[in-house]
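Numbering follows full-length UniProt numbering, with no gaps: position 20 of the sequence shown is 20.
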Amino acid sequence: MNKENPTQNNSNEIFLTRHSEAEYRTNRAILENDPEGSLDPEDQISPDLSEKGKKLAREKAEEFFSKLNHQEDSLFFVSSNQIRAIETANIYREVAKEKGFEILKPEHTRSEYSEDMSGGDIRVVQSLSLQVPNMIIQHVFSREEALKGVDWDKVSEETKEKWDRARKIIEADDHGSWGANYYYHSEEIKKIFPELKSAKDLDEAQFKNVLRLVKFADKKIKESGSEKKIKILGFGHENYLGVALNEYFQDHEIKNCETVSFQVDEDNIKASFRGQEKDIS
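If you want it as structure tokens, here you go:
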């Protein structure tokens with residue numbers, strides 16, 4: 001049985017899905033206009049998913065909800081504050097509504113983008129969101145085509161010098177994608193850019209926060225007294241998942257619209273991914 005998808009005999013579950021394929025339009029705009037600038041979650045370019053990404057999200061949503069029962073299951077949607085994650089969540093939400101699922105509305109979405117896009121159905125949570133204080137540093141791991149629009153005249157000489165040194169590390173052992181390069185090289189790049197959060201840093205901080213969110217969500221579900229099983233659907237990013245996925249499932253990669261599911265058994269959390277189930281706490 002493929003555990004990355006829900007099954008009808010499971011009870012309350014928390015699912016974390018990576019966003020679908022995106023254009024990264026906000027990132028590109030920052031690189032063109034203020035390469036050392038930060039990403040403001042309330043100033044993003046929408047929409048951001050590519051046409052292929054929209055199609056993939058709908059296909060994966062159809063597959064996902066085919067394993068649930070709209071008469072038995074209620075859904076609660078949470079997301080990163082990045083547009084590509086909110087968009088992916090919203091496509092899943094739209095498919096769920098088409099199939100007759102009850103969607104539990106949060107008291108507040110905590111994001112104007114989510115409010116406008118989902119009609120208030122998707123709650124943005126910080127534990128799934130990314131902090132991007134300096135865009136050009138984040139892009140040292142990127143493929144060459146993602147760097148074509150960078151206005152290098154707006155990058156400080158100090159940052160350029162460090163960036164060139166860091167980029168040589170990537171080019172000497174390029175793993176072909178941002179995520180793979182980040183997983184394999186972020187510890188070494190951090191020696192050049194100490195402000196960078198490495199994959200291990202995000203595992204220690206952000207992924208642990210995700211696990212705390214899982215336990216908190218499970219507690220609230222059990223306290224709700226709902227007659228239906230409640231499924232929490234979260235949408236986020238690969239950055240903080242790679243180390244844990246490799247530790248427990250021997251593969252750091254999570255593809256667009258792939259899902260990790262979590263269940264709490266007393267104080268232990270079980271995670272399921274690509275047909276494997278492991279105790280992770």
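Every residue gets a Cβ at the ideal spot worked out from N, C-alpha and C, and that includes glycine.
Task: Close-in-space but distant-in-sequence residues of the same chain around S127 (CB under 8 Å, 5 per side omitted) - done: Along the sequence shown, one-based indexing puts residue 127 at 127. Excluding sequence neighbours, S127 sits near Q206, N209, V210, R212 and L213.
Open item on the list: Determine whether the beta carbon atoms of N90 and S118 lie at a separation below 8 Å.
Closed with: Counting from 1 along the sequence shown, the entry for residue 90 is found at position 90. Counting from 1 along the sequence shown, the entry for residue 118 is found at position 118. Cβ distance < 8 Å, so N90 and S118 count as in contact.
Open item on the list: Within 10 Å of its beta-carbon, does R18 have 16 or more other beta-carbons around it, so buried, or fewer, so exposed?
Closed with: Working through the sequence shown from its first residue, we reach residue 18 at position 18. R18 comes out buried.
- [ ] Measure the C-alpha to C-alpha separation of K197 and Q138 and round it to an integer number of angstroms.
- [x] Sequence index remark: in the sequence shown, residue 197 carries index 197 (1-based). Sequence index remark: in the sequence shown, residue 138 carries index 138 (1-based). Each residue's alpha carbon lies about 10 Å from the other.
- [ ] Just grab the DSSP bridge partners of S79 for me.
- [x] Taking the first residue of the sequence shown as position 1, residue 79 is located at position 79. According to DSSP, S79 bridges with V124 and F235.
Open item on the list: Can you look up S277 in the DSSP assignment and give me helix, strand or coil?
Closed with: To locate residue 277, count along the sequence shown from 1; it is residue 277. Residue identity differs from the one stated: residue 277 is Glu in this sequence, not Ser. Looking at E277 - three-state DSSP - the assignment turns out to be strand.
- [ ] Helix, strand or coil for L49, going by three-state DSSP, please let me know.
- [x] Taking the sequence shown and counting its residues from 1, one reaches residue 49 at position 49. The answer is strand: DSSP assigns L49 an E or B state.
TODO: Write down the C-beta distance between K85 and H237 rounded to the nearest angstrom, noting that I regard them as a contact closer than 8 Å.
DONE: Position 85 of the sequence shown, counted from the first residue, corresponds to residue 85. Position 237 of the sequence shown, counted from the first residue, corresponds to residue 237. A small correction: the amino acid at residue 85 is Ala; Lys does not occupy that position in the sequence shown. With a Cβ gap of about 7 Å, A85 and H237 count as contacting.
Task: Assigned secondary structure, K99 (DSSP; H/G/I helix, E/B strand, else coil) - done: Counting from one through the sequence shown, the residue named residue 99 turns up at place 99. Three-state result, K99: coil.
TODO: Would you decide whether T7 is buried or exposed? Buried here means 16 or more other CB atoms lie within 10 Å of its CB.
DONE: Sequence index remark: in the sequence shown, residue 7 carries index 7 (1-based). Any answer about T7 is weak, because its pLDDT of 42 lies below 50 and its placement is not dependable; what the coordinates show is given next. When all chains shown are included, T7 counts as exposed.
Task: I45 versus R25: straight-line alpha-carbon distance, rounded - done: The count along the sequence shown starts at 1 and reaches residue 45 at position 45. The count along the sequence shown starts at 1 and reaches residue 25 at position 25. For I45 and R25, the distance between alpha carbons rounds to 6 Å.
Open item on the list: Could you give the first and the last residue of the continuous alpha helix (DSSP H) run that contains I169?
Closed with: Here residue 169 refers to the residue found at position 169 when the sequence shown is read from its first residue. Per DSSP, I169 belongs to the alpha helix (DSSP H) from E157 to A172.
Open item on the list: When you compare the region 253 to 265 with the region 45 to 61, are there three or more beta-carbon pairs, one atom per stretch, that lie closer than 8 Å?
Closed with: yes
- [ ] Report the option in E112, K190 and H108 whose CA atom is closest to the CA atom of F141.
- [x] To locate residue 141, count along the sequence shown from 1; it is residue 141. If we check each option's Cα against that of F141, K190 comes out closest.
Task: Unbroken beta strand (DSSP E) run spanning E13, endpoints - done: Position 13 of the sequence shown, counting from 1, holds the residue named residue 13. Counting along the chain, the beta strand (DSSP E) containing E13 begins and ends at E13 to R18.
TODO: Can you tell me which of the three DSSP states V210 falls into?
DONE: Mapped onto the sequence shown, residue 210 falls at position 210. Three-state result, V210: helix.
Open item on the list: Within 10 Å of its beta-carbon, does N12 have 16 or more other beta-carbons around it, so buried, or fewer, so exposed?
Closed with: Taking the sequence shown and counting its residues from 1, the one referred to as residue 12 is at position 12. Burial call: buried.
Task: Residue environment, W152, which counts as buried when at least 16 other CB atoms sit within 10 Å - done: Numbered from its first residue, the sequence shown carries residue 152 at position 152. So W152 ends up on the exposed side.
Open item on the list: Between the alpha carbons of W178 and V125, how many angstroms are there, rounded?
Closed with: The sequence position of residue 178 within the sequence shown is 178, counting from 1. The sequence position of residue 125 within the sequence shown is 125, counting from 1. Taking the straight line from one Cα to the other gives about 24 Å.
Task: A29 versus N239 - alpha carbon distance - done: For the purposes of this step, residue 29 is taken as residue 29 along the sequence shown, with counting starting at 1. For the purposes of this step, residue 239 is taken as residue 239 along the sequence shown, with counting starting at 1. Answer to the nearest angstrom: the Cα atoms are 21 Å apart.
- [ ] Check whether the region 265 to 277 touches the region 165 to 172, counting contact only when three or more Cβ pairs, one atom from each stretch, lie closer than 8 Å.
- [x] no
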